[in-house]
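Undergrad:
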Amino acid sequence: MIRIKTDEEIKLMREACKITGDVLKLIEDKIKVGMTTMQLDKIAYDYITSCGAKPSFLGLYGFPATTCISIDEQVVHGIPSNRIIEEDMIVSVDVGAYINGFHGDAARSLYVGHISPEKKRLIDVTKECFFEGIKGICVGSALGDIGAQVQAHAEKNGYSVVREMVGHGIGRDMHEDPNVPNYGKRGTGVRLKRNMTLAVEPMVNMGGYEIDLNGWDCVTRDKKPSAHYENTILIGDNGVEILTL
């Protein structure tokens with residue numbers, strides 16, 4: 000069941016989304032070569048809790064950390080550890096915050112120091128895929144338009160989009176209906192309504208779209224790099240509003 004929020008619920012949800020966006024900005028400022036992914040996770044935990052919020056991911060389905068930090072061929076759901084961040088790594092950070100009974104969810108693919116032009120282009124195009132995906136989306140649009148636009152932009156640039164992992168509705172629960180694939184056909188799916196909130200999150204691979212899953216571990220089958228960019232969006236009277244920027 001798709002949960003349409005009231006205006007008052009949207010006001011409450013904005014705080015969770017602001018904290019989520021702000022913690023990603025903080026991580027982008029703090030990340031550096033030689034840090035461990037666990038150190039980045041602690042920065043996120045400390046910030047979220049200092050705001051009076053709770054990390055949305057910690058304990059969700061048994062996940063053991065505040066952030067998902069996925070490197071290079073890891074697509075999503077990487078568990079923070081003692082792994083050291085090095086130059087030429089794609090470091091994808093996915094995080095959520097919960098406060099006032101609502102969640103926010105967002106992700107960025109980052110790098111520090113030198114990175115190859117090929118990986119930099121993948122990061123840039125993945126971000127572009129998000130903005131292409133929401134372009135022209137408004138009340139009455141078909142949900143499938145988002146995925147169709149994401150897929151078209153990724154494939155136009157020679158990349159592929161992951162099929163098994165998708166975006167989702169979000170609100171009182173981290174994962175709500177509907178699923179929001181990053182592929183599909185225009186004009187298909189439910190029609191979007193005012194005050195629907197969605198987590199749109201292109202996951203784009205340099206190689207093929209196939210992935211392998213082993214527990215939390217989610218990696219590209221061909222071991223080529225992947226990038227991830229996500230925001231929580233609101234379907235409003237004037238189109239899409241990005242809540243986690």
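Okay, so the sequence shown: first residue is 0 according to numbering that gives the first Met the number 0, each after it adds one.
C-beta atoms are modelled at their ideal positions from N, C-alpha and C, and glycine is treated no differently.
1. Would you list, in sequence order, the uninterrupted beta strand (DSSP E) runs of no fewer than 3 residues that lie entirely inside the region 191–239?
2. Name, in chain order, the residues that DSSP records as bridge partners for V179.
3. Take K53 as the anchor and find which of K155, E131, E175, E14 has the nearest alpha-carbon.
4. Less than 6 Å between C-beta atoms, sequence neighbours within five positions excluded: which residues of the same chain meet that for G207?
5. In the region 66–117, which residue ranges form an unbroken alpha helix (DSSP H) of at least 4 residues, counting only runs that do not cross its ends?
6. Taking the alpha carbon of E154 as the point to measure from, which residue in M202, M195, L39 has its own alpha carbon closest?
7. Just tell me which of E7, I84, G103, G77 has its CA closest to the CA of A198.
8. Do G58 and I329 count as a contact pair if the criterion is CB distance below 8 Å?
9. Since Y46 is in the alpha helix (DSSP H), which residue starts that stretch and which ends it?
10. For the alpha helix (DSSP H) that T19 lies in, which residues bound it at each end?
11. Between V138 and K223, is the Cβ-Cβ spacing less than 8 Å?
12. When the Cα atoms are used, what is the spatial distance from G246 to D172?
13. Using alpha carbons as the reference points, say which of R190, H174, G170, E163 lies closest to N181.
14. Using the three-state DSSP reduction, which class does K53 fall into: helix, strand or coil?
15. Taking 8 Å as the cut-off, decide whether the C-beta atoms of L121 and M12 are in contact.
16. Could you say which of A141, V165, I232, Y44 lies nearest to F130 if we only look at CA atoms?
17. Using only CA atoms, which one of E200, G238, I1, L142 lies nearest to S108?
18. Helix, strand or coil for A141, going by three-state DSSP, please let me know.
19. Based on the DSSP secondary-structure assignment, which residues constitute the bridge partners of I241?
20. Out of D71, G20, D176, M34, point me to the one whose CA is closest to Y46's CA.
21. Return the chain-ordered list of same chain residues with a C-beta closer than 8 Å to the C-beta of G170, the five sequence neighbours on each side being excluded.
TA: Considering the structure as presented:
1. 196–199, 202–204, 210–213, 216–219, 225–227, 230–235
2. G166
3. E14
4. S159, D221
5. none
6. M202
7. G103
8. Residue 329 lies beyond the range of the chain shown here (0 to 244); nothing can be said about it.
9. 36–49
10. 6–29
11. no
12. With the chain represented from 0 up to 244, any question about residue 246 goes unanswered, as that position is not in the structure.
13. E163
14. strand
15. no
16. I232
17. E200
18. strand
19. I232
20. G20
21. R2, K4, E8, M12, F101, H102, T196
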